[in-house]
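So the structure is just underneath, and the comments pick up after that.
Numbering (the UniProt record's numbering), first residue to last: 1 to 231.
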């Protein structure tokens with residue numbers, strides 16, 4: 001897949017104090033190091049060049065990234081590379097890379113009563129995955145999901161989109177939570193899903209190619225009530 005990297009402005013974006021580890025989200029969900037890094041203070045991010053040392057293009061201001069496009073950001077603290085961090089109140093997903101940097105993606109998240117914070121790992125990766133609604137989904141909205149109880153093949157109309165990363169937990173196995181594409185890009189920036197993290201199909205392809213199996217995933221608790229569901 002061809003991809004053009006562009007150079008963003010020097011705008012500084014700060015992750016607010018909502019990116020904290022509240023009571024209850026401690027080891028084994030988060031290590032002491034993670035609790036200190038993500039809980040002691042808000043983490044600021046400054047915009048960095050959208051490209052690694054071997055993936056940089058010099059572009060004019062007319063080709064700056066839009067706010068929705070994936071970009072590389074500079075973290076104010078050293079964070080281990082190779083981790084996914086989901087900040088629900090910002091509708092942002094960070095894939096950490098070396099030199100205290102991270103790829104930043106805009107996302108949608110689960111509704112307040114369905115969003116599940118915690119520490120997970122990538123237990124499976126699938127391209128154009130099939131989808132079957134969970135029994136809980138069918139019980140909540142039978143008029144919407146009963147028709148798909150036997151599953152749906154992968155494809156453009158599938159709710160999981162082009163790619164899916166499957167979230168597992170030690171001792172629990174498959175949590176039925178996913179980081180996946182969506183055929184409803186207008187829902188990005190909203191808390192509307194049944195618990196999964198959603199990206200546009202283009203952006204999940206970009207993330208999917210970078211994230212290996214067994215990568216650690218942190219879904220941070222929501223600091224505020226769902227005031228985002230209408231847009």
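C-beta: ideal position from N, C-alpha, C; glycine also.
Exposure label - residue 159; buried when at least 16 CB within 10 Å: Indexing the chain shown from 1 puts residue 159 at position 159. Buried, because 16 or more other Cβ atoms sit within 10 Å of the Cβ of residue 159.
Continuous alpha helix (DSSP H) assignments of at least 4 residues falling wholly in the UniProt domain "L,D-TPase catalytic" (82 to 220): 135 to 140, 142 to 145, 201 to 208
At least three beta-carbon pairs within less than 8 angstroms, the segment 125 to 134 to the segment 81 to 101: no
Closest residue to residue 220 among 67, 75, 94, 70 (Cα-Cα distance): On the chain shown, position 220 is the one that residue 220 refers to. The residue with the shortest Cα to Cα distance from residue 220 is 94.
Spatial neighbours of residue 216 in its chain, beta-carbon cut-off 6 angstroms, leaving aside the 5 residues before and after: Here residue 216 is taken as the residue at index 216 of the chain shown, counted from 1. Cβ within range, chain order: 83, 121.
Endpoints, beta strand (DSSP E) assigned at residue 79: As a first step, residue 79 is located in the chain shown; it is residue number 79 there, counting from the start. Taken as a continuous stretch (DSSP letters only), residue 79 belongs to no beta strand (DSSP E), as it is neither H nor E.
Residue 172 burial status per 10 Å Cβ neighbour count (16 or more: buried): Within the chain shown, residue 172 is the residue found at index 172, counting from 1. Exposed is the call here.
With 16 other Cβ atoms within 10 Å as the buried cut-off, status of residue 151: Counting from 1 along the chain shown, the entry for residue 151 is found at position 151. By the neighbour-count rule (16 or more Cβ atoms within 10 Å), residue 151 is not buried but exposed.
Meets three-Cβ-pair contact criterion under 8 angstroms: the segment 68 to 78 and the segment 163 to 179: no
Beta carbon of residue 201 nearer than 7 angstroms to that of residue 161: Along the chain shown, one-based indexing puts residue 201 at 201. Along the chain shown, one-based indexing puts residue 161 at 161. Cβ atoms of residue 201 and residue 161: closer than 7 angstroms.
Inter-residue Cα distance where the pair is residue 175 and residue 194: To locate residue 175, count along the chain shown from 1; it is residue 175. To locate residue 194, count along the chain shown from 1; it is residue 194. Answer to the nearest angstrom: the Cα atoms are 13 angstroms apart.
Where residue 134 falls, given that 16 or more other Cβ within 10 Å makes a residue buried: As a working mapping, residue 134 is identified with position 134 in the chain shown. Exposed, because fewer than 16 other Cβ atoms sit within 10 Å of the Cβ of residue 134.
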